[in-house]
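Worksheet: one structure, shown below.
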Amino acid sequence: MKHTKGIIQIIHGMSEHKNRYKHLFKYFSDRGYLVALKEHLHHGHNNIDQEKIGIFENDFNQLIEDQVNYTKELKKLYPNTPIYIFGHSMGSFIAQEHMKHCFNIVDGYIFCGSCYKTTFLWKLAEYLSFFMNKIYKNRRAHLIKKLVFLNSNSKVKSEYYYNENSWLSRDIEEVKTYCNDDLCDFTYSSSFYSDFFYFLNRLYLPTSFEKINRDLPIYIISGDMDPVGRYGKGVIQLKEFYERLNFKNVQYKLYPNARHELHNEINRDEVFFNIEKWLNN
């Protein structure tokens with residue numbers, strides 16, 4: 095670790111695993127960074143029984159605890175090396191909760207494919223998934239998944255359309271890889287959605303951020319064609335939220351025409367270059 099510039103801990107998103115970050119791994123490891131990723135519980139290669147992938151039983155909070163503990167392990171192993179958190183999509187929300195626990199040992203946070211709260215839709219999703227979980231318990235919630243991603247492709251241009259997952263990236267090969275991967279695009283249990291939206295609706299309580307150092311660097315990045323970030327609107331609102339809380343080092347960047355997975359986009363090298371520049375500054 096003598097010549098390592100820093101550690102980048104990736105917190106991945108929904109219905110995916112570590113291999114979705116291969117381009118990010120290569121770019122930054124080639125430039126002297128240690129890139130680390132701990133796959134979430136009930137995701138990816140953690141599941142011996144693939145029939146149980148995505149099946150949660152009221153243990154969503156374990157995802158947050160696992161990432162917090164992983165950061166603490168990395169800090170113990172490399173006490174003199176700066177640590178940066180890259181949270182994507184669901185991982186960006188987990189990263190914001192993670193920040194409340196690890197702000198004193200982390201040197202900066204990158205929130206990719208994120209968004210400020212959508213009060214009505216998130217509340218509706220919480221109530222719906224709560225009642226469905228009461229009825230169906232840990233069965234897969236296909237209806238909720240369909241409703242959550244219902245309009246995700248509404249602004250996808252025809253020349254970059256492949257299928258219902260085209261909103262992820264303009265790189266059609268990356269979309270195909272995602273669709274053909276048995277460890278991706280799975281449907282979660284009702285319990286997951288119930289706990290996830292409960293968590294989201296309480297994430298941005300201002301009082302929960304009170305102890306965090308206001309000089310902590312935050313970098314928010316998104317494509318302006320990402321439906322999760324409400325096509326840029328929710329991203330700007332997220333930046334403004336942190337500014338209202340008097341965070342002094344908040345930057346953001348919207349990439350024109352880019353979609354949800356910036357690390358798998360056709361302009362990913364530009365994205366990585368700008369992240370590297372932010373890290374160096």
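Read left to right, the sequence shown gives residues 95 to 375 (our numbering).
Yeah, the Cβ is synthetic: ideal placement off N, Cα and C, and Gly gets one too.
DSSP-derived helix/strand/coil call for residue i
i	result
ARG264	coil
HIS236	helix
LYS99	coil
CYS206	strand
PHE150	coil
VAL200	coil
GLU252	In the sequence as displayed, the identity of residue 252 is Ser instead of Glu. DSSP places SER252 in helix when its eight states are reduced to three.
LYS166	helix
SER109	coil
VAL129	strand
Alpha-carbon to alpha-carbon, residue j and residue i
i	j	result
LEU332	ASP309	17 Å
ALA130	LYS270	25 Å
TYR256	ILE266	7 Å
ILE101	LEU294	27 Å
PRO311	TYR230	42 Å
HIS136	GLY317	28 Å
TYR221	PHE214	11 Å
LEU373	PHE225	44 Å
TYR298	TYR203	16 Å
ASN174	GLU167	13 Å
LEU157	GLU364	30 Å
Beta carbon of residue i nearer than 8 Å to that of residue j
i	j	result
LEU262	ARG353	yes
PHE154	PHE367	no
MET193	ILE306	yes
ARG114	ASN361	no
LEU356	HIS111	no
ASN227	SER288	yes
LYS249	TYR325	yes
PHE303	LEU339	yes
GLY126	HIS97	yes
PHE280	ILE147	yes
LYS169	ILE177	yes
Opposing strand residues paired with residue i [DSSP bridges]
i	result
TYR221	In the DSSP output, where bridge partners are listed per residue, TYR221 has none listed.
ILE312	TYR203 and VAL344
Stretch pair the stretch 329–346 + the stretch 228–245: three plus CB contacts closer than 8 Å: Because the criterion of three Cβ pairs below 8 Å is not met, the stretch 329–346 and the stretch 228–245 do not touch.
Inter-stretch contact at 8 Å, needing at least 3 Cβ pairs: the stretch 271–285 / the stretch 183–198: no
Cβ contact check for the stretch 175–185 and the stretch 205–213: 3 or more pairs under 8 Å: yes
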